[in-house]
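Enquirer: Protein chains in written order, with the working numbering: chain X, 9 to 109; chain Z, 9 to 109; chain F, 335 to 469; chain W, 335 to 469; chain C, 717 to 846; chain R, 717 to 846.
Structure, rendered in structure tokens:
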């Protein structure tokens with residue numbers, strides 16, 4: 009019963025990512041969208057939090073990364089970049105979706 | 009040049025109160041409104057943050073406290089409760105207002 | 335598709351500041367008519383939705399707290415509240431409204447719908463749902 | 335009332351996620367015609383508004399980054415960016431767009447409008463303004 | 717798969733409305749069935765035909781209406797949320813004695829039961845909000 | 717004192733709109749002059765006369781309109797923000813070839829200069845938003 013968790017808030021503004029990571033289970037996927045993608049910036053405080061998560065796939069939406077100028081060289085390792093089609097695939101390949109609004 | 013700072017976000021959801029408190033100066037006033045009033049609950053983590061502030065007046069809007077069931081006995085000491093008229097007085101008695109949206 | 339699905343309403347936002355709490359509750363009330371397996375989860379600022387003693391007269395908005403209390407009449411029997419979320423906010427179960435239902439299997443005894451659960455249990459509750467409605 | 339007032343635009347929100355950044359910028363552009371003393375402050379997630387290299391084509395929204403660069407043409411010369419906000423987010427001045435103005439008092443030399451300031455200085459900048467427009 | 721999509725925020729103010737649209741387009745391109753898009757909370761404001769965005773920007777209502785026409789999508793606006801916020805079709809206009817309506821082609825106003833039904837019928841329900 | 721008030725969020729969705737209203741009432745009761753209430757971002761959605769809230773709830777548009785009439789308040793809706801979101805008066809309706817308008821009595825549509833002017837003219841400017 010794997011879950012797709014979407015996080016659309018900046019980890020520097022809200023507790024959303026933190027709360028999500030406190031509730032993920034092994035095998036789940038966390039997809040960062042909208043302002044949620046700011047979590048992947050190398051050297052940022054939120055990146056440390058992300059990097060400490062084990063057994064969970066972390067993905068980020070390419071449209072939102074690009075819109076914010078977050079290029080590959082600015083990102084931490086271990087984050088899979090997906091386009092909207094990849095977002096759809098994550099929705100269908102997991103059993104359900106929890107949106108951390 | 010005293011400033012009135014309004015904070016309308018829950019300190020458990022956003023960094024707004026923290027950022028505000030990092031920018032207040034002695035003689036300023038912080039007015040908690042809307043979900044910002046949750047910061048005054050005794051025993052809550054945010055209350056410790058509020059209690060550590062020195063030289064700054066802390067006020068909270070009565071309409072928002074009441075709507076949320078935060079009665080006087082649940083509040084930390086040192087918070088002045090004001091009604092909307094008191095909010096107006098704080099606006100006019102300070103030189104300007106910074107809304108921490 | 336005629337099977338009963340497990341619907342989980344996840345409530346993470348404080349009441350009044352935004353309409354998320356109120357309009358989520360309206361879905362629960364309508365959804366109760368659909369004979370699904372319904373559960374409500376309150377975590378993060380969502381736990382503030384259940385703090386008792388609202389008085390919205392000075393604010394000038396509608397007090398929708400009675401609707402939570404009425405959920406038992408709509409056969410909502412499972413209300414999960416996260417302990418860690420309460421504790422961080424200086425709250426305990428005593429601060430919450432009473433929510434009850436009549437247990438058909440126990441001579442219609444009135445029982446509390448509220449179940450305080452740990453963060454770990456909350457994660458399992460989410461994992462166990464068929465459909466999550468996130469507000 | 336004909337005196338010049340110090341207008342400070344305080345930007346604390348990330349771009350794209352909400353319209354606050356874009357519609358705040360539109361106020362600055364219009365406000366530039368009013369001959370007041372204008373300064374912009376970027377702190378907290380507001381610093382993300384100045385990160386260079388936006389490409390909004392895949393998102394399908396308008397790229398309004400060029401308008402920030404054009405602020406110099408509107409005689410906006412003071413853009414304060416909080417150092418602590420940058421650092422927490424893994425950013426430095428090198429990650430930001432260039433914002434320049436022509437200094438009338440120095441033979442129209444092109445100078446950077448961006449001034450990286452400490453949190454303490456930012457607090458003083460707020461205290462020193464006459465009117466704060468908060469977005 | 718059969719997908720249900722829920723939009724809780726209005727156009728331009730929040731990106732949620734854009735993400736939901738882009739997700740819907742991608743789902744259709746992948747050959748999935750979009751059973752329903754349900755507009756709730758401020759999401760109902762996506763459905764006004766009166767919006768006039770700047771010419772160099774996207775037209776959020778039009779692109780939903782066009783997508784609905786092309787793929788025969790069911791775009792449902794919650795009636796209670798719509799009434800509160802002033803989104804009306806002709807029936808609602810008459811019923812409440814108003815002198816104008818503003819709903820765009822391709823959207824229909826209905827009850828919250830349509831959201832529950834989507835939850836029952838769909839393989840996946842995806843929420844977009846603030 | 718002369719006060720300017722800015723509302724950045726729409727009705728019902730956010731409390732900002734309520735707080736701004738209650739603040740305005742209190743300021744008038746205290747004898748202050750409210751120079752202008754400026755509606756921007758989703759705040760423009762407070763100005764639609766098409767809203768039909770539940771009967772046991774407040775009517776956010778009506779109470780602004782009534783307050784404006786009683787105190788001769790200047791309620792200004794930003795034209796650019798209003799166009800994006802589908803808030804139109806009769807002039808705007810004609811100009812953009814739309815078939816309906818929805819602005820409520822007591823509100824007028826104008827430019828962002830009105831906000832700057834409020835900043836210049838007022839002793840205090842107070843923002844309400846998300």
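Note that the Cβ used here is the ideal one computed from N, Cα and C, for glycine as well.
This structure is a prediction, so every number in the text was calculated from the model and none was measured.
Using a C-beta to C-beta distance shorter than 7 Å, which residues of chain C count as neighbours of residue 766 (chain R)?
Expert: The contacting residues are 802, 804, 814, 816 and 818.
Enquirer: Quick check on this structure: which residue in F:392, F:405, F:358 and F:427 has the alpha carbon closest to the alpha carbon of residue 91 (chain Z)?
Expert: Checked all of F:392, F:405, F:358 and F:427; the closest Cα to residue 91 (chain Z) is F:392.
Enquirer: Is residue 345 (chain F) helix, strand or coil by DSSP?
Expert: Correct three-state label for residue 345 (chain F): strand.
Enquirer: What is the residue span of the alpha helix (DSSP H) that residue 99 (chain Z) lies within?
Expert: It spans 92–101 - the alpha helix (DSSP H) in which residue 99 (chain Z) sits, taken as one unbroken run.
Enquirer: How do the segment 337–357 of chain W and the segment 35–55 of chain X stand: do at least 3 beta-carbon pairs fall below 8 Å, yes or no?
Expert: Touching, yes, given that three or more Cβ pairs across the two stretches are closer than 8 Å.
Enquirer: With distances taken Cα to Cα, identify the nearest neighbour of residue 31 (chain X) among F:467, F:457, F:442 and F:449.
Expert: Nearest option by C-alpha distance: F:457.
Enquirer: Taking DSSP as the reference, what is the three-state secondary structure of residue 298 (chain F)?
Expert: This structure gives no information on residue 298 (chain F), because the portion of chain F shown stretches from 335 to 469.
Enquirer: Could you give the first and the last residue of the continuous alpha helix (DSSP H) run that contains residue 22 (chain X)?
Expert: Premise fails: residue 22 (chain X) is in no alpha helix (DSSP H) and is neither H nor E.
Enquirer: With 8 Å as the threshold, decide whether the Cβ of residue 22 (chain Z) is near any Cβ in chain X.
Expert: Yes, because at least one Cβ of chain X sits closer than 8 Å to the Cβ of residue 22 (chain Z).
Enquirer: May I ask which residues mark the beginning and end of the alpha helix (DSSP H) holding residue 360 (chain F)?
Expert: Residues 354–365.
Enquirer: Where does residue 335 (chain W) sit, in a helix, a strand or coil, going by DSSP?
Expert: The predicted model places residue 335 (chain W) with a pLDDT of 46, which falls under 50 and marks its position as unreliable; any figure quoted below should be read in that light. In this structure, residue 335 (chain W) counts as coil in the three-state DSSP scheme.
Enquirer: Determine the extent of the beta strand (DSSP E) in which residue 105 (chain Z) is found, giving its start and end residues.
Expert: Its beta strand (DSSP E) spans residues 104–108.
Enquirer: Assign residue 335 (chain F) to buried or exposed, taking buried as 16 or more other Cβ atoms, counted over all protein chains shown, within 10 Å of its Cβ.
Expert: At residue 335 (chain F) the pLDDT is 45, less than 50, meaning the model places this residue with poor confidence; the figure from the coordinates comes in the next sentence. Answer is exposed; the Cβ neighbour count stays below 16.
Enquirer: What does residue 353 (chain F) touch in chain R if you count any residue whose Cβ is under 8 Å from its own?
Expert: Going along chain R in sequence order, the residues near residue 353 (chain F) (Cβ under 8 Å) are 728, 729 and 730.
Enquirer: I'd like to know if residue 35 (chain Z) contacts chain R, where contact means its C-beta is closer than 8 Å to some C-beta of that chain.
Expert: By this cut-off, residue 35 (chain Z) is not an interface position.
Enquirer: By how many angstroms is the C-alpha of residue 774 (chain C) removed from the C-alpha of residue 395 (chain W)?
Expert: So the alpha carbons of these two residues sit roughly 6 Å apart.
Enquirer: What did DSSP end up calling residue 779 (chain R) once you bin it into helix, strand or coil?
Expert: Residue 779 (chain R) falls in the helix class under three-state DSSP.
Enquirer: Helix, strand or coil: which one does DSSP assign to residue 65 (chain X)?
Expert: Here residue 65 (chain X) sits in strand by DSSP.
Enquirer: So for residue 350 (chain F), helix, strand or coil by DSSP?
Expert: Of the three classes helix, strand and coil, the one that applies to residue 350 (chain F) here is coil, per DSSP.
Enquirer: Between which two residues does the beta strand (DSSP E) harbouring residue 401 (chain F) extend?
Expert: Where residue 401 (chain F) is concerned, there is no enclosing beta strand (DSSP E), although the alpha helix (DSSP H) it sits in stretches over 399–403.
Enquirer: Quick one: does residue 843 (chain R) have its CB under 8 Å from some CB of chain W?
Expert: Judged by the 8 Å Cβ criterion, residue 843 (chain R) is in contact with chain W.
Enquirer: List the residues of chain F whose Cβ lies closer than 7 Å to the Cβ of residue 110 (chain Z), in chain order.
Expert: Missing from the structure shown is residue 110 (chain Z); chain Z here goes from 9 to 109 and no further.
Enquirer: Over what stretch of residues does the alpha helix (DSSP H) that includes residue 60 (chain X) continue unbroken?
Expert: Neither: residue 60 (chain X) is in no alpha helix (DSSP H) and is coded neither H nor E.
Enquirer: My assumption, with CB atoms under 8 Å, is that residue 378 (chain W) sits in contact with residue 23 (chain Z). Please give the rounded CB distance.
Expert: Contact flag correct, Cβ pair sits at about 7 Å.
Enquirer: Tell me, please, whether the segment 798–806 of chain C touches the segment 766–780 of chain C by the rule of three or more beta-carbon pairs shorter than 8 Å.
Expert: Touching, no, given that fewer than three Cβ pairs across the two stretches are closer than 8 Å.
Enquirer: Determine which residues share a DSSP beta bridge with residue 83 (chain Z) and list them.
Expert: DSSP output for residue 83 (chain Z) lists Z:49 as bridge partner(s).
Enquirer: Going by DSSP in three states, residue 469 (chain F) sits in which element: helix, strand or coil?
Expert: It is coil, neither helix nor strand.
Enquirer: Please identify, using Cβ separations under 7 Å, the residues of the segment 769–787 of chain R that lie next to chain F, in order along the chain.
Expert: Flagged, chain order: 772, 773 and 774.
Enquirer: How is the alpha helix (DSSP H) around residue 798 (chain R) delimited, first residue to last?
Expert: Residues 795–801.
Enquirer: Name the chain W residues that come within less than 8 Å of residue 734 (chain C), Cβ to Cβ?
Expert: Near residue 734 (chain C) (Cβ distances below 8 Å), the residues of chain W are 393, 394 and 395.
Enquirer: Using the Cα positions of residue 786 (chain R) and residue 100 (chain Z), report the straight-line distance between them to the nearest angstrom.
Expert: The alpha-carbon atoms of residue 786 (chain R) and residue 100 (chain Z) are separated by roughly 23 Å.
Enquirer: Just to confirm, is the Cβ distance from residue 472 (chain W) to residue 428 (chain W) under 8 Å?
Expert: Not covered by the structure: residue 472 (chain W). The range shown for chain W is 335 to 469.
Enquirer: Alpha carbon to alpha carbon, how far is residue 437 (chain W) from residue 346 (chain F)? Give it in angstroms, no decimals.
Expert: Roughly 51 Å between the two C-alpha positions.
Enquirer: Cutting at 6 Å between CB atoms, please list the residues of its own chain near residue 717 (chain R), excluding the five before and the five after it.
Expert: Contacts found: 748 and 839.
Enquirer: Use the C-beta contact count for residue 738 (chain R): other C-beta atoms within 10 angstroms, 16 or more gives buried, fewer gives exposed.
Expert: Looking at its Cβ environment, which holds 16 or more other Cβ atoms inside 10 Å, residue 738 (chain R) is buried.
Enquirer: Would you tell me roughly how many angstroms separate the C-alpha atoms of residue 821 (chain C) and residue 399 (chain W), rounded to the nearest one?
Expert: Approximately 33 Å between the Cα atoms of the pair.
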